[in-house]
Amino acid sequence: MDRQIRREVSREYFSQERLAEHHFRSFNNFLDRGMQDVVDEKETIDTDIGDKEGQEPVYVELGDVRITTPRVREADGSEELLYPQEARLRNITYAAPVFMEMKIIRGGEEEPETVVDQTETKVGRMPIMVGSNKCNISGFSDDDLVQIGEDPVDPGGYFIVNGSERVLMTSEDLAPNKILAEYDSKYGDEIQVAKTFSQRRGYRALVLCERNREGLLEVSFPSVSGSVNFVTLVRALGLESDEEIVHRVSDDPEIVKFMLENLEEADVQSEEEAIETLGERVASGQGKNYQLKRANYVIDRYLLPHLHEDGVEEEETRSNKAYYLCRMAEACFELALDRREADDKDHYANKRLKVSGDLMKDLFRTALNKLARDVKYQLERANMRNRQLTVNTVVRSDVLTERLEHPIATGNWVGGRSGVSQLVDRTDYMGVLSHLRRLRSPLSRSQPHFEARDLHATQWGRICPSETPEGPNCGLVKNFAQAMELSQNIEDEQGLKRELASMGVEGIPGIEGVDRASADD
Amino acid sequence: MAGATPKEIGGIKFGLMDPETYRDMSATKVITADTYDDDGYPIDMGLMDPRLGVIDPGLECRTCGKHSGSCNGHFGHIELAAPVIHVGFTKLIRRLLRSTCRECGRLALTDEEKEEFSEKLQRTKDLGGDPTDVLKSAVRQARKAKTCPYCSHPQADIKHEKPTTYYEVQDVLAGEYSERIARAMQPDEDEEGEEIGEGMAPQQLADETGIALDRVNDILSGEFRPRQEDRKALEKALDVDLTEEDMNKLMPSDIRDWFEDIPDEDLEALGIDSQGSRPEWMILTVLPVPPVTARPSITLDNGQRSEDDLTHKLVDIIRINQRFMENREAGAPQLIIEDLWELLQYHVTTFVDNEISGTPPARHRSGRPLKTLSQRLKGKEGRFRGSLSGKRVNFSARTVISPDPTLSLNEVGVPERVAEEMTQTMNVSERNIDRARRYVQNGPEAHPGANYVKRPDGRRLKVTEKNCEELAEKVQPGWEVNRHLVDGDIVIFNRQPSLHRMSIMAHEVVVMPYKTFRLNTVVCPPYNADFDGDEMNMHALQNEEARAEARVLMRVQEQILSPRFGENIIGAIQDHISGTYLLTNENPEFTETQALDLLRATSVDELPAPDGQNDAGQDVWTGRTVFSELLPDDLNLEFTSSSGDEVLIEDGQLIRGTVDEDAVGAFGGEVVDTLTKMYSETRARVFINEVASLAMRAIMHFGFSLGIDDESIPPTANEQVDEAIDSAYERVQELIGTYEADELESLPGRTVDETLEMKIMQTLGKARDSAGEIAEDHFADDNPAVIMARSGARGSMLNLTQMTGCVGQQAVRGERINRGYEDRTLAHYKPDDLSAEAHGFVENSYRGGLTPREFFFHAMGGREGLVDTAVRTSKSGYLQRRLINALSELETQYDGTVRDTSGTIVQFEFGEDGTSPVKVSSTEENAIDVDSIADRVVDAEFTSSEEKARFLGREEPPTNLSEYAGPGLDKAQGMGAQSDD
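Which chain is which? The protein sequence lines are X and A, in order.
Quick note on my numbering: the first sequence kicks off at 411 and runs consecutively.
Quick note on my numbering: the second sequence kicks off at 7 and runs consecutively.
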């Protein structure tokens, strides 16, 4: 291609609409799908009503959520369409009301379940990204924009909370649900570790599989202090026989040798024994039954949560977990045998970006939980006073609104992160553009982190090689490259699996999920 | 403080304070947690009791009768309902508990041991060592004792649960002793569950232990608890452990009783000064209440009072204390008393230190942790580092700096606004009364004016626009006038970070319009300042001693020589150097007008005899002659310039050579350095000022600019560069070939891979150098970039090479670029490509332009530099701080030794050689250049060379006494065997 054509293509590609495209796509995706997903995860709000004798339990079923475009409620009670410029000038929040379908259901114990009240109610207000699909100015022509006092070349992509424009900083995290093998040192010895940040529905659990200096594998995961023997854990997950375990890890003779060492040291042989041993670890000093219950709970709840999938049985999930742990073990051994190199944490394949939609999803999840707690409290109170239970009286929309607006206004996000939202840099137009396309690494700026600050070759085409601040944030704060395109998480994992299978990807035998029938063609 | 007799502090002694002393010095007992009554007056015996001092204006202190501002405040006290532990001493308390006897309180060491430790302690103290190790070993020794050597009472181990709980750990009979015995009596089982060995019948047990059989049965049924002797016998017979640990909590009152028994002489061995410090005082029974002045409450805008954090904490303590007493009087159960006791302990603990690990910090209603006593002292913003070592000052100014070449290097341009704000005190006398009156007359707003006057009776009057005329009349000798800064005043000027002595220097004021401080550009190197937005601080000195000291010691001209390397740090920079280079390198000729124009801003107003005539018949002066006008007439100097030619100065005339960085530059310019050392700082200052202005004139005369075309070389040269690079590529390819054929020999201590990398780096480095050489060959001598690089003004030949020839290999952490995708750097290359271009070799020049891949590699290399600078600045700051703290108290004494504050000698002679780098000239080899000093001294003594030769005597003739004979050896060898005499 000659230079002229390249320039043309580049200009065409990097059009004005694409400046904050990643924000729009992410946020629109959140509005269209993410919000409903979070509500569906929650499903119901259970109450303590019915714990007492002679009372029928009450719970709330959450249904569809619907969001309109930004409105402002005036002092006289009237509600009008709100445009961004008005929000800026009046120091109000550019937010749209969120409605949710809710059903209060009583019964189920002795009486049949009856719907006490069902209605769509306003649960709160969601700040809307300027320029997103739910924004009042989306689809306006330049003249229309000028008409309502908007700058036609303003890229959008930010929120307006209490009149101040806030961008949500895209943050760069280590890829979750991926095995990363690396070296570590413990008591002066070099050991091999396979790490996975297992993530599902906002819950994040770090699972470590270490090969200690004796060559024994140990796994550590949340809610278990210290580490658990690998063989014990795998057996607890239902992978019992020596042969199966070895086979699952690897057929490589050297790795098999390593694995046999581990099996020799193993002090449990069966699934029950393994679960008992685990029970002693997670609930020592408690009753036997409780220990077993707790061990099972811990395995199903805290170990590799990302392997859970809707509609997949617990049994199958457990064997998937066992296989996954075996894969981690294999990674450790391969590293120990120099069969592979340590994974490069700074490789962009090992990074995931959290854009505004993802951040808003986290926020909405905690806000909804808070709302649920409030609804529960209100329901119980109303019930105590023998009032009629109605959806509209138990939902206080301020709860959700406050929880959504406050983090955006201050930048103090859920999970203790701060500086997530920043005031849009309006020094000049370029400042705005740069700010909207900025990217932040969560690494501490006070430590050197030389490797993380380096320009990594995999950033080619994705991140600008030149634009980074000088000083303590150097290399940690980055900016997107011109032609950067951010891909979104896929909607339908099952669909993806089917698609992959149809393209000839074979699953590990004995693992669920791949529709074998369609793999045949 | 008028009338107060100055007192000298003879010494400070730290120790514990007696609760009785607390009571004695207390102005009042505090019993109510309330502060102010409804009328806003402090409550009697409350936390704001007026006997504790006053903070509200108008109230009178009931202890000293003074008013707020002059009353320093007085301590009060709280009688604690029960003793509590002082958190500051928990470690010492633990040590004492472990090393002394529970029963008699004596140190659990025999007299000999005690003696030994006392001696050791004394010895370490005498040697100025750290006594903690000795003390620790004493405690360790004492802790070993199972029983007290004096009263034979068994010693229990002490467990310390942080922060303030202590337990006595004792072995007592386990609750399930009968089960344990029964289990031990059963025969052992092997792995299959088969019994091996024999069990023990009760009868057998009774026989073995000597306990009656029915008693054994009682024990086995759990009806009888075996006594200690029986237990031991049982344990021995059955080989079981029947004990478990029992933890007995020590209440603070127990500890206090215990400590009261410790005799004074035992304390000495533990390193406690028994004179005035008793260990039981570490357990508080009385809590001193800091004066109100130490915890002032502030009145908010809405009239509400907001109390200090300490007051809040004291309120908590008093409340709990009260509740404790009430509960105890009411005979509350032990459990409640203990809870309250713990609560009281918590409050007293957090009153002292609110950042103890393991204790939740006491919080304000808003959730902010309270700032209590130790938080006031600790850390960067604490009393020590924040208020005592670092203070905020008046009479200081800060603004942006900008250059002004017309100022002398001793001067600083001060904006009028600053000059009007910062004043100097004038003591009015007959001799300056007219001036003083004029200043007052001008008022505070006109420039050389005055802001305040002070009458002899101490009244300070503000000079205003309205009263200035009137006041001016009144000014009499004996008054003080605070006048504005005027030209010639001395001020201190500073730029942070203040990394060396020259970061703070004294300048003379030149009051100027506009709003920035102006400096001569030659003082940029010592301050490390530039004008891209840098700000600097100025301090106006407030007394004559300070002004005199600043003028004599701190003036810029006194700092021309750097104590770091003994050469000048102030000198010509950048364009000054290009200027002198242009002026002297090819020795151009100037007509009279031109020559006078060059010297216009200097003190030279007459030209010497012309050097010749030009084609037009006009008299001309050469550049070197013009430059020589600035030199003192008797200067003789010979050195090599940075552009490589020999410079010769004879009798103040530059005979030949180029004047460039090595002659007049900052950081060791020979001429400046010699002038400062041989003549005077003043002469050097004059010289630097004049060189700077001459150089500016010169560079303006010739014109000097740098453009893109100055970096281009002819196409043929470019081809040569390409050839050089191509041949380097070939060599690299060869290396890779041998490597892949497994024929590469590794260098000693390196792997083959490392060897290959090194060799490739070497080859490519050479390629760039040869590209640079080719480029250099094609530059004209008058190329501005070349002039700058050669004269040392700015830039280097490497910069030029990169601009015109080839940028060269990009490196990250000293290696070629290796990270990236798996087995390759960028996706553009095949995996395992070892070639130069795949690992960051940039073959193009900056001028030619980099390919996208090269650009990216260059960015990778560049990023490392950026990160490095960012990380380095923070690290070096911390390092500097530590160094300063370690060395700050070292001082050179009058006897020439360097000692610390305790008198310990650090160096027997300053710098081990007793010389100051500033006062002594040095050569590369020797710290002191003895030869040249001797030459100079001898030269000065004699007028003719004959005289000198006569004095020095004949040179030693060679001897034949030995082949290794000293001075004549070389000559002897040259001449062979000569005469015998």
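Think of the CB as a built atom: it goes at the ideal place given N, C-alpha and C, for glycine as much as any other residue.
Neighbour-count burial assignment, A/P462, 16 or more Cβ in a 10 Å radius = What you label residue 462 of chain A is simply residue 456 of the second sequence in a count that begins at 1. Taking all protein chains in view, the Cβ of A/P462 is surrounded by fewer than 16 other Cβ atoms within 10 Å, so the residue is classified as exposed.
ask   = Using the rule of at least 16 other Cβ atoms within 10 Å of the residue's Cβ for burial, across every protein chain shown, is X/I547 buried or exposed?
value = Translated into positions along the first sequence, residue 547 of chain X becomes position 137. Burial call: buried.
message = For a contact defined as C-beta to C-beta under 7 Å, what are the partners of A/T831 on chain X?
response = On the second sequence, residue 831 of chain A is found 825 positions in, with the first residue counted as 1. Within 7 Å Cβ-Cβ: A867.
A/T171 versus A/C154: straight-line alpha-carbon distance, rounded = Locating residue 171 of chain A in the second sequence gives position 165, where the first residue counts as 1. Locating residue 154 of chain A in the second sequence gives position 148, where the first residue counts as 1. Cα to Cα, A/T171 sits roughly 24 Å from A/C154.
query = Given a threshold of 16 other Cβ atoms within 10 Å of its Cβ, counted over all protein chains shown, does A/S922 qualify as buried or as exposed?
reply = For the purposes of this step, residue 922 of chain A is identified with residue 916 of the second sequence, where counting begins at 1. Looking at its Cβ environment, which holds fewer than 16 other Cβ atoms inside 10 Å, A/S922 is exposed.
request  = Pick out the complete beta strand (DSSP E) segments inside the segment 881 to 942 of chain A, 3 residues or longer, and give them in chain order.
outcome  = 911 to 913
Cβ distance (whole Å) where A/L588 is taken to contact A/A704 below 8 Å = Along the second sequence, read from residue 1 onward, the residue named residue 588 of chain A stands at position 582. Along the second sequence, read from residue 1 onward, the residue named residue 704 of chain A stands at position 698. That belief holds up - the Cβ atoms of A/L588 and A/A704 are roughly 6 Å apart, short of 8 Å.
task = Kindly give me the distance between the Cβ atoms of A/I18 and A/P169, rounded to whole angstroms, as I take these residues to be in contact under 8 Å.
result = Translated into positions along the second sequence, residue 18 of chain A becomes position 12. Translated into positions along the second sequence, residue 169 of chain A becomes position 163. With a Cβ gap of about 28 Å, A/I18 and A/P169 do not count as contacting.
message = Tell me which residues of the segment 840 to 862 of chain A have at least one Cβ-Cβ distance to chain X shorter than 8 Å, keeping chain order.
response = Answer in chain order: F861, F862.
query = Count the other CB atoms within 10 Å of the CB of A/P450; is the residue buried (16 or more) or exposed (fewer)?
reply = For the purposes of this step, residue 450 of chain A is taken as residue 444 along the second sequence, with counting starting at 1. Burial call: buried.
message = Taking 8 Å as the cut-off, does the segment 487 to 507 of chain X touch the segment 446 to 466 of chain X (at least 3 CB pairs, one atom from each stretch)?
response = no
Partner residues on chain A for X/G826, Cβ-Cβ distance less than 8 Å = In the first sequence, counting from the first residue as 1, residue 826 of chain X sits at position 416. Per Cβ cutoff of 8 Å: no residues; X/G826 is ~15 Å from chain A at best.
ask   = Among A/R284, A/I61, A/M253, which has the Cα closest to the Cα of A/I99?
value = Residue 99 of chain A sits at position 93 when you count from the first residue of the second sequence. If we check each option's Cα against that of A/I99, A/R284 comes out closest.
request  = Look at A/G855 and A/R822 and say whether their C-beta atoms are less than 8 Å apart.
outcome  = The residue you call residue 855 of chain A lines up with position 849 of the second sequence. The residue you call residue 822 of chain A lines up with position 816 of the second sequence. Going by C-beta atoms, A/G855 is not nearer than 8 Å to A/R822.
ask   = Using a Cβ-Cβ cut-off of 8 Å (strictly less than) and excluding sequence neighbours within five positions of A/P519, which residues of its own chain qualify?
value = If you number the second sequence from 1, residue 519 of chain A lands on position 513. P421, E422.
task = Return the residue from the list X/S635, X/G473, X/P562, X/N706 that minimises the CA-CA distance to X/Y839.
result = Here residue 839 of chain X refers to the residue found at position 429 when the first sequence is read from its first residue. Comparing Cα positions, the closest option is X/P562.
request  = Please determine if the segment 285 to 296 of chain A and the segment 18 to 33 of chain A are in contact, where contact requires at least 3 C-beta pairs separated by less than 8 Å.
outcome  = yes
query = Are X/R836 and X/F890 touching if we call contact CB-CB under 8 Å?
reply = The residue given as residue 836 of chain X occupies position 426 in the first sequence. The residue given as residue 890 of chain X occupies position 480 in the first sequence. The answer is no: Cβ separation not under 8 Å.
inquiry  = Which residue wins for smallest C-alpha separation from X/A792, given the options X/V804, X/D784, X/V765?
reply    = Sequence index remark: in the first sequence, residue 792 of chain X carries index 382 (1-based). Residue X/V804 is the option with its Cα nearest to X/A792.
ask   = Taking only beta-carbon atoms, is X/W870 less than 8 Å away from chain A?
value = The residue you call residue 870 of chain X lines up with position 460 of the first sequence. Yes - at least one Cβ of chain A is within 8 Å of the one on X/W870.
query = What does X/D864 reach in chain A if we use C-beta pairs closer than 8 Å?
reply = For the purposes of this step, residue 864 of chain X is identified with residue 454 of the first sequence, where counting begins at 1. Near X/D864 (Cβ distances below 8 Å), the residues of chain A are V818, R825, M866, R869, E870, V873.
query = Are X/L578 and X/S844 touching if we call contact CB-CB under 8 Å?
reply = In the first sequence, residue 578 of chain X corresponds to position 168, counting from 1. In the first sequence, residue 844 of chain X corresponds to position 434, counting from 1. The answer is no: Cβ separation not under 8 Å.
ask   = When you compare only the Cα positions, how much space is there between A/E746 and A/A842?
value = The residue given as residue 746 of chain A occupies position 740 in the second sequence. The residue given as residue 842 of chain A occupies position 836 in the second sequence. One C-alpha to the other measures close to 15 Å.
Spatial distance of A/E595 from A/S686 (CA atoms) = Sequence index remark: in the second sequence, residue 595 of chain A carries index 589 (1-based). Sequence index remark: in the second sequence, residue 686 of chain A carries index 680 (1-based). When rounded, the distance between both Cα atoms is 31 Å.
query = Relative to the alpha-carbon of A/S105, which residue among A/G75, A/D163, A/G52 has its alpha-carbon at the smallest distance?
reply = Counting from one through the second sequence, the residue named residue 105 of chain A turns up at place 99. Of the listed residues, the one whose Cα sits closest to A/S105 is A/D163.
query = DSSP on X/V805, reduced to helix/strand/coil?
reply = Counting from 1 along the first sequence, the entry for residue 805 of chain X is found at position 395. In the structure shown, X/V805 sits in coil (DSSP, three-state: anything other than H, G, I, E or B).
request  = Could I get the ranges of all uninterrupted alpha helix (DSSP H) runs contained in the segment 472 to 515 of chain A, with 4 residues as the minimum, in chain order?
outcome  = 474 to 480
query = How would you list, in chain order, the residues of chain A whose beta-carbon sits under 7 Å from the beta-carbon of X/D594?
reply = Taking the first sequence and counting its residues from 1, one reaches residue 594 of chain X at position 184. Within 7 Å Cβ-Cβ: nothing; X/D594 doesn't reach chain A, min ~20 Å.
query = Between X/L688 and X/V638, is the Cβ-Cβ spacing less than 8 Å?
reply = The residue labelled residue 688 of chain X in the question sits at position 278 within the first sequence. The residue labelled residue 638 of chain X in the question sits at position 228 within the first sequence. Contact: yes.
ask   = Can you give the Cα-Cα distance for X/L590 and X/C736, rounded to whole angstroms?
value = Here residue 590 of chain X refers to the residue found at position 180 when the first sequence is read from its first residue. Here residue 736 of chain X refers to the residue found at position 326 when the first sequence is read from its first residue. If you draw a straight line from the Cα of X/L590 to the Cα of X/C736, it is about 14 Å long.
ask   = My guess is that A/R825 and X/A867 are in contact by the Cβ rule of under 8 Å, so how many angstroms apart are they, rounded?
value = The residue labelled residue 825 of chain A in the question sits at position 819 within the second sequence. The residue labelled residue 867 of chain X in the question sits at position 457 within the first sequence. Indeed, because the Cβ distance is near 6 Å, the residues count as touching under 8 Å.
task = Closer than 6 Å by C-beta to X/A497: which residues in its own chain qualify, once you throw out the five before and the five after it? Chain order, please.
result = Working through the first sequence from its first residue, we reach residue 497 of chain X at position 87. Cβ within range, chain order: Y504, I570.
Beta-carbon separation (whole angstroms), A/M508 vs A/F523, contact threshold 8 Å = Numbered from 1 along the second sequence, position 502 holds the residue referred to as residue 508 of chain A. Numbered from 1 along the second sequence, position 517 holds the residue referred to as residue 523 of chain A. About 17 Å separates the two Cβ atoms, so there is no contact after all.
message = Quick check: what's the CA-CA separation for X/S928 versus X/G549?
response = Within the first sequence, residue 928 of chain X is the residue found at index 518, counting from 1. Within the first sequence, residue 549 of chain X is the residue found at index 139, counting from 1. With a pLDDT of 37 at X/S928, under the threshold of 50, the modelled position of that residue is not reliable, and the figure given next carries that caveat. Cα-Cα distance, rounded: 41 Å.
task = Identify the contact partners of X/D754 in chain A, using a Cβ-Cβ distance below 8 Å as the criterion.
result = Within the first sequence, numbered from 1, the residue matching residue 754 of chain X stands at position 344. Under the 8 Å cutoff, chain A gives R825.
task = Find out if the Cβ-Cβ distance for the pair X/V708, X/V634 is shorter than 8 Å.
result = In the first sequence, residue 708 of chain X corresponds to position 298, counting from 1. In the first sequence, residue 634 of chain X corresponds to position 224, counting from 1. Yes, they are a contact pair.
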